[in-house]
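Undergrad: Residue numbers (our numbering): 42 to 405.
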């Protein structure tokens, strides 16, 4: 049996190393995972209560249209319910967009390095990749606009960008959108939207009226702390959502995820508290990096990409032996760097104590 040859060129996504694997491999009883940008404070108690109320209904299929969540989220965002599409995490929304718009003979423009799934989905659909290097860790929107040609169908803008954590500003984004032909879809991946505190960051939902070729992707996996339940969503024109519905799988979001997301949405106090604690944790990390003379990208997310000026995989392995999981920069296109999720104060203290020994050379 021979699969389509081009799928073999698409890299298999490598998630952060599982906690249980690290425990077994190194004989550890305690491991902290700061690799996948999960919320260390979990999810809202209201979401947990909503899940508990649904446990007697697990034999039933979920609402395939996510109607109750759709109405609640539309009201929260100030859009029409028909302007929303839901996916099994943002990953499925990326897949749906690629399936709907990309094919052989087309191309797609993206930054590099950025979130790997844009690239993988394009390869699977047979589209040509046009990758534009980041400029000081930020999307080079001018170069990306210049790279668009007649075969371009989709442009991806990860804002804030993963793995650098940087943003493009409202002024930069609007100048870019004016240059993009109306026939080209612009995907704004805002998975870390709720973590951003920079006032220059664009508020993109109002732009939908002016740019029908725009789709905004967000998720309940990050600050809402519902990563295991996989609820991502897109906000776009009714026409664009209608087109994407043709490639959406039936029952693609689960009932537990839907009710948890509705409850989480109602607890914006939890969201605000997580955002504040994240900024405190980020400062805890960057204060130490400044003291040690390390460079890092200014992050508007719940992770930071820091240059340790050492082999990324070697540092990654040393941290594993101390029960700390991060992401090696080698896997992200940033050799010498580590991407570290911002943890609790205690988790941050633990990784900083080990990193200090690595940086000072005390840990061989």
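Glycine is no exception: its CB is placed at the ideal position from the N, C-alpha and C atoms.
Taking 6 Å as the limit between beta carbons, can you name the residues of its chain near residue 392, skipping five residues before and five after?
TA: What you label residue 392 is simply residue 351 of the chain shown in a count that begins at 1. Once the five neighbours on either side are set aside, the close Cβ partners of residue 392 are 365.
Undergrad: Rounded to whole angstroms, what is the Cα-Cα separation between residue 146 and residue 99?
TA: By one-based count along the chain shown, residue 146 stands at place 105. By one-based count along the chain shown, residue 99 stands at place 58. Rounded to whole angstroms, residue 146 to residue 99 spans 44 Å at the Cα level.
Undergrad: Which parts of the segment 47–112 are runs of the alpha helix (DSSP H), unbroken and 4 residues or longer, counting only runs that do not cross its ends?
TA: 60–67, 86–94
Undergrad: Are residue 271 and residue 130 touching if we call contact CB-CB under 8 Å?
TA: In the chain shown, counting from the first residue as 1, residue 271 sits at position 230. In the chain shown, counting from the first residue as 1, residue 130 sits at position 89. Cβ distance < 8 Å, so residue 271 and residue 130 count as in contact.
Undergrad: On the DSSP bridge list, what partners appear for residue 315?
TA: Taking the chain shown and counting its residues from 1, one reaches residue 315 at position 274. DSSP output for residue 315 lists no bridge partner at all.
Undergrad: Based on the DSSP secondary-structure assignment, which residues constitute the bridge partners of residue 344?
TA: Indexing the chain shown from 1 puts residue 344 at position 303. The beta-bridge partner set that DSSP reports for residue 344 consists of 382.
Undergrad: From residue 304 to residue 178, what distance separates their C-alpha atoms?
TA: Locating residue 304 in the chain shown gives position 263, where the first residue counts as 1. Locating residue 178 in the chain shown gives position 137, where the first residue counts as 1. Using only the alpha carbons, I get a separation of about 36 Å.
Undergrad: Considering only DSSP beta bridges, list what residue 400 is partnered with.
TA: Position 359 of the chain shown holds residue 400. According to DSSP, residue pairing for residue 400 in a beta bridge does not occur.
Undergrad: Looking only at its chain, what residues have a beta carbon closer than 8 Å to the beta carbon of residue 335, apart from the 5 residues adjacent to it on each side?
TA: By one-based count along the chain shown, residue 335 stands at place 294. Hits under 8 Å: 347, 348, 349, 350, 400.
Undergrad: Could you tell me the distance, in whole angstroms, from the CA atom of residue 263 to the CA atom of residue 386?
TA: Numbered from its first residue, the chain shown carries residue 263 at position 222. Numbered from its first residue, the chain shown carries residue 386 at position 345. The straight-line gap from Cα to Cα measures roughly 18 Å.
Undergrad: Leaving out the 5 sequence neighbours to the left and right, which residues in its chain are closer than 6 Å to residue 72 when beta-carbon positions are compared?
TA: Within the chain shown, residue 72 is the residue found at index 31, counting from 1. Same-chain partners within the cutoff: 60, 63, 64, 364.
Undergrad: Just checking, does the segment 310–318 make contact with the segment 294–301 on the three C-beta pairs under 8 Å criterion?
TA: no
Undergrad: Relative to the alpha-carbon of residue 193, which residue among 149, 257, 133, 140 has its alpha-carbon at the smallest distance?
TA: As a first step, residue 193 must be located in the chain shown, where it is residue number 152. Residue 193 has its Cα closest to that of 149, out of 149, 257, 133, 140.
Undergrad: Taking C-beta to C-beta, are residue 75 and residue 384 nearer than 8 Å?
TA: Against the chain shown, residue 75 aligns to sequence position 34. Against the chain shown, residue 384 aligns to sequence position 343. For residue 75 and residue 384, yes; Cβs fall inside 8 Å.
Undergrad: Please classify residue 102 as buried or exposed, where buried requires at least 16 other C-beta atoms within 10 Å of its C-beta.
TA: Counting from 1 along the chain shown, the entry for residue 102 is found at position 61. Exposed is the call here.
Undergrad: Counting only runs that start and end within the segment 255–296, where is the beta strand (DSSP E) found for 3 or more residues in a row?
TA: Fully enclosed beta strand (DSSP E) runs of no fewer than 3 residues occupy 255–260, 273–277 of the segment 255–296, in order along the chain.
Undergrad: Taking contact to mean at least 3 C-beta pairs separated by less than 8 Å, is the segment 319–338 in contact with the segment 291–298?
TA: no
Undergrad: Assign residue 371 to one of three DSSP states: helix, strand, or coil.
TA: The count along the chain shown starts at 1 and reaches residue 371 at position 330. Three-state DSSP puts residue 371 in a helix.
Undergrad: Report the residue from 127, 77, 195 whose alpha carbon sits nearest the alpha carbon of residue 254.
TA: The residue given as residue 254 occupies position 213 in the chain shown. Nearest of 127, 77, 195 to residue 254, Cα basis: 195.
Undergrad: Using the Cβ count rule (16 or more neighbours within 10 Å means buried), how would you classify residue 375?
TA: Within the chain shown, residue 375 is the residue found at index 334, counting from 1. When all chains shown are included, residue 375 counts as buried.
Undergrad: Judging by CA-CA distance, which residue of 398, 307, 279 is the nearest neighbour of residue 87?
TA: Here residue 87 corresponds to residue number 46 of the chain shown, with the count starting at 1. Nearest option by C-alpha distance: 307.
Undergrad: State yes or no: is the C-beta of residue 134 nearer than 7 Å to some heavy atom of the ligand GTP?
TA: Among the components modelled here there is no ligand, and therefore nothing to report on the ligand GTP.
Undergrad: Is it a yes or a no for the segment 79–97 touching the segment 233–242, going by three-plus beta-carbon pairs under 8 Å?
TA: no
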